[in-house]
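Q:
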Amino acid sequence: MFKYILVNELRALLYTWKSMVWFLITSVIFSFASYLFLTDKELSLLDQSEMLWLLSKVIIGTALMIITVDASSTITGEFEKETAESLFLTPLSLKDFVLGKLLASLSLWIAIFLIAVPYIIVVSAGSHVTAAFIMFVLMLGTMLILGFQMMIFGISFLFRSSKNTLTTSLVILLALVLPATFSSTLKNNPLSHFLSVTNPIDNVFSSLDNVLVDYQTTLTGNLKYVFPVLIFCFAAFAFMLYSTKLFKRSGVVKND
Amino acid sequence: MHRKSFLTLLVISLTVCFASANSLPADSGSVCSPPLSMSILSKLALDGIAGDYVTVSAEIKNISAKTITNITTYLSLADEETKLPVDLEDWSAEKGLFIGTIDAGQKFPLEWKIHFVKAGKYSLIIIAEIQGETNVLTSRVTHFAVSPKHNLNPGQVLPVALGMPLFLLVIMMFAAYTRRSRLMKSQ
Amino acid sequence: MNIAVKTENLSKLYGQTMAVDRLSLEVKNGEFFGFLGPNGAGKTTTIRLLTGIIRPDEGTAIIQENLPAGSIEAKLIAGVMPESRGLYEWMTAREYLSLFAHLYSVHNAIKATDEKLSIVGLSHEKNKRIGAFSRGMKQRLCLARALINKPKILFLDEPTLGLDPKGQEDIQILLKALNADGVTIFYSSHLLNEVAMLCSRIAVIHHGKLVAQGTISQLQEQTGLTNSGLKDIFLKLTGD
Ligand SMILES: Nc1ncnc2c1ncn2[C@@H]1O[C@H](COP(=O)(O)OP(=O)(O)OP(=O)(O)O)[C@@H](O)[C@H]1O
Ligand SMILES: [Mg+2]
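Chains as they are written, first to last, in this note's numbering: chain A, 1006 to 1261; chain B, 193 to 379; chain C, 490 to 729.
1. What's the gap between the Cα of SER1161(A) and the Cα of THR1081(A)?
2. List, in order along the chain, the chain A residues whose C-beta lies closer than 8 angstroms to that of ALA571(C)?
3. Let me see if you follow: with CB-CB separation under 8 angstroms, is ALA1241(A) close to chain B or not?
4. Going along the chain, which unbroken runs of the alpha helix (DSSP H) with 4 or more residues stay wholly within the segment 1092-1143 of chain A?
5. Please identify, using Cβ separations under 7 angstroms, the residues of the segment 540-573 of chain C that lie next to chain D, in order along the chain.
6. Is THR293(B) closer than 8 angstroms to THR326(B) when the C-beta atoms are compared?
7. Counting only runs that start and end within the segment 499-531 of chain C, where is the beta strand (DSSP E) found for 3 or more residues in a row?
8. If the cut is a Cβ gap below 8 angstroms, which residues of chain C does THR1249(A) touch?
9. Going by alpha carbons, who is nearest to ILE1177(A) out of VAL1012(A), THR1249(A), ASN1204(A), LYS1062(A)?
10. On the DSSP bridge assignment, give the partners of PHE300(B) in chain order.
11. Counting only beta-carbon atoms, is PRO1123(A) nearer than 8 angstroms to chain B?
12. For the beta strand (DSSP E) that contains HIS335(B), what are its first and last residues?
13. Select from GLY728(C), GLY526(C), GLY529(C), MET570(C) the residue whose C-alpha is nearest the C-alpha of LEU539(C).
14. Using a Cβ-based criterion (distance less than 7 angstroms to any ligand heavy atom), does GLU683(C) qualify as near ligand 2?
15. Using only the heavy atoms of ligand 3, determine whether one of them is closer than 7 angstroms to the beta carbon of ASP1261(A).
16. Regarding GLU1087(A) and ligand 2, is the C-beta to nearest heavy atom distance less than 7 angstroms?
17. Can you tell me where the beta strand (DSSP E) holding ARG690(C) begins and where it ends?
18. So SER1032(A) is in the alpha helix (DSSP H); what residue range does that whole segment cover?
19. Could you tell me the alpha carbon to alpha carbon distance between PHE1244(A) and GLY1159(A), rounded to whole angstroms?
20. Straight-line CA distance for GLY526(C) to HIS695(C)?
21. Return helix, strand or coil for PHE1162(A), following the three-state DSSP convention.
22. Use the C-beta contact count for GLN505(C): other C-beta atoms within 10 angstroms, 16 or more gives buried, fewer gives exposed.
23. Please tell me whether, using a cut-off of 7 angstroms, the distance from the CB of GLU732(C) to the nearest non-hydrogen atom of ligand 2 is below it.
24. On the DSSP bridge assignment, give the partners of VAL246(B) in chain order.
25. Which one of GLY297(B), PHE359(B), LEU316(B), SER331(B) has the shortest CA to CA distance from VAL338(B)?
26. ALA692(C) to LEU699(C), Cα distance in whole Å?
27. So does TYR676(C) have its beta carbon nearer than 7 angstroms to some heavy atom of ligand 1?
28. Check whether the segment 302-319 of chain B and the segment 347-363 of chain B touch, using three or more Cβ-Cβ pairs below 8 angstroms as the test.
29. For the segment 1081-1095 of chain A against the segment 1115-1123 of chain A, do three or more pairs of beta-carbon atoms, one drawn from each stretch, fall closer than 8 angstroms, so that the two count as touching?
30. Are LEU512(C) and GLY703(C) close, meaning C-beta to C-beta below 8 angstroms?
31. Roughly how far, in whole angstroms, is the beta-carbon of ILE1206(A) from the beta-carbon of LEU1143(A), given that I think they are within contact range, below 8 angstroms?
32. Give the residues from the segment 669-685 of chain C that approach chain A closer than 8 angstroms (Cβ to any Cβ), ordered along the chain.
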């Protein structure tokens, strides 16, 4: 049953130009970044591996931003536009509804990833990490973004308002991204060290650093970074489960 | 912290050693007269590009008349610009090699695999320690440079950077056009 | 198989207000059941309880003899035109309806889609974007969606609201025909003339409570307004 929700969502992405605008923004950001790598005096002096790491951050960061904005409205939109009631009048289960929405949102990430691949290939040309770069961005990005989507869906079922969901998600995203950008200077402090080893974005960036700069391209060499991201995914899933329980209890039309 | 003080100590002892070694040419009776000699063999092969894997090969020779036991050799690398020792763990090298025993007049080959992680100017020395001795022995300093990797080829990047947005724009127009014409046709 | 809808002490509390207050109703199969009440009486809330959109705080609701309201079996045999008329504006009518045909696992979804579109008179607009539809066209599309799974029972929440006289009449004719085919209709409306003309039995609720139930002549008897129309009866029953 989720397949109809998925197909419908994919159609909406295509027909409403929403996704196309996202893709265009994505490619412009990637183009701008790689153009800077070439022409900017300081950036072009960077070691190639540093440059690759920067590119991987740009890819993951852009995708996170777009997915956050998009996922914040995909479920809440059904409530705000009063289309949810008609959907739940059918035998469609909440599970299929969420699964369809989740896969649609995930396919947006896959599309962003596919747009990134040519950039990865040309920027990493000559290094021997192209394949590892692609694999790790796909693996870590998928896990991180899946976790974010589930978290955002959980928030969506609580608020049922795109504005509140988007604001909350952006605040969380910011709270996780900011420390990740200057974590290396803070790692000596035990509290910030703890925050950094539990921060999923931080771990994804550290793992990419490990792969692209230190050439640790095996999965086992990156387990200590992958594991916290997995934990984040499970936590987000548990939160979403809890939030859908509350949703089921209060019904499709909530008490205003 | 620990490593740093160790190195400072090392440098001090080396200076003392060198100073005395220079003033007193090879004299077997001297305090600092080294029973071992070490030489780095791969000086030329060392300069490289960031990302390269290279092998540092060296040789240790017992130039004394006695068998020496319990020898351990270390590789030490310092960044010449920051004057800081390089953490060899990042450079994926095994820092210490336990040699054991070398008979009088015998040579022993040494090999370290290192990975040039970052561009820069570096100096490398090999240190040998004999258990029970307070003085360590060092090789001469070898300087080498790791140049940054400049593989970004504008000829490759620009077509993608310009082409991708255009490509997506074309797809966008095409999708809009086909949907529109489909809706028009079926009306 | 005689009972189409049966509720016992059905109650729903919204904050401090009892939107539905110990409501006990019974609708027989094949009836055209009018569900009346002033604004805020609890009609929409009752329909939401009967279709499983919300859960009751107390009481039970059963569809078609023994199916709990909101169960998949109950959903499969019910067609609903809810108060919220949200549609996916970017879709065409045909895309929209076929989505629901699939969600109901309707056999031969495309054929059923075209059939329902022609029943509600939207054949010519089926490939138009819903965003470009007039209110009446959207209302018809909602009705088509309610019919897509060939329901045995239809819950309609003010289906002719905002329609022009022609539109109202079209829908009335259609509903009569469906009822003649044996479809039970649970009809909530404000338009008393319409209800008087269509419905075989009527329930009136006020402040969430059932205040009267029966045929028009039974209601006339109950209120002592033997010669009056439904309007007077309604005003008497719901006057505070
Ligand atoms: N989602 C909600 N949250 C809080 N209160 C609600 C909600 N929906 C309805 N109510 C309250 O419940 C009562 C019944 O509302 P309901 O919508 O069922 O009335 P109605 O009979 O359908 O009215 P109308 O004829 O205006 O459509 C009203 O007092 C309303 O304020
Ligand atoms: Mg209502």
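Here a beta-carbon is modelled for each residue, glycine too, at the ideal position from N, C-alpha and C. Quantities reported herein were computed from a predicted structural model and do not represent experimental measurements.
A: Reading it off the structure:
1. In this structure, the straight-line span from the alpha carbon of SER1161(A) to that of THR1081(A) is close to 6 angstroms.
2. The sequence shown places Pro at residue 571(C), not Ala. The contacting residues are GLU1090, SER1091, LEU1094.
3. No, its Cβ sits nowhere closer than 8 angstroms to a Cβ of chain B.
4. You should have 1099-1128.
5. Protein chains in the displayed structure are A, B and C, and chain D is not among them.
6. No, Cβ-Cβ distance for THR326(B) and THR293(B) is not below 8 angstroms.
7. Within the segment 499-531 of chain C, the complete beta strand (DSSP E) runs of at least 3 residues are 506-517, 521-525.
8. The CB of THR1249(A) never comes closer than 8 angstroms to any CB in chain C; the least such distance is about 15 angstroms.
9. Among VAL1012(A), THR1249(A), ASN1204(A), LYS1062(A), the Cα nearest to that of ILE1177(A) belongs to ASN1204(A).
10. PHE300(B) is bridged by DSSP to ILE252(B).
11. Output row for PRO1123(A): interface = yes.
12. HIS335(B) -> beta strand (DSSP E) spans 334-339.
13. Ranking the options by Cα distance to LEU539(C), first place goes to MET570(C).
14. GLU683(C) has its CB no nearer than 7 angstroms to any heavy atom of ligand 2.
15. In the structure on display, ligand 3 does not appear, and the ligands it does have are ligand 1 and ligand 2.
16. No.
17. 690-695 is the extent of the beta strand (DSSP E) around ARG690(C).
18. SER1032(A) -> alpha helix (DSSP H) spans 1023-1044.
19. Take the alpha-carbon of PHE1244(A) and the one of GLY1159(A): they are about 6 angstroms apart.
20. Take the alpha-carbon of GLY526(C) and the one of HIS695(C): they are about 6 angstroms apart.
21. Reduced to three states, the DSSP call for PHE1162(A) is helix.
22. It counts as exposed.
23. The structure shown does not extend to residue 732(C), since chain C is modelled only from 490 through 729, so no value can be given for it.
24. Paired residue(s): ILE306(B).
25. Closest option to VAL338(B), Cα to Cα, is LEU316(B).
26. Straight-line Cα distance between these residues: approximately 7 angstroms.
27. Flag unset: Cβ of TYR676(C) not near ligand 1.
28. Judged by Cβ distances under 8 angstroms, the segment 302-319 of chain B makes no contact with the segment 347-363 of chain B, as fewer than three pairs qualify.
29. Flag = no, the segment 1081-1095 of chain A and the segment 1115-1123 of chain A do not touch.
30. Their beta carbons are not under 8 angstroms apart, which means LEU512(C) does not touch GLY703(C) by this criterion.
31. Wrong, their Cβ atoms sit about 16 angstroms apart, outside the cutoff.
32. Taking a C-beta cut-off of 8 angstroms against chain A, none of the residues of the segment 669-685 of chain C qualify.
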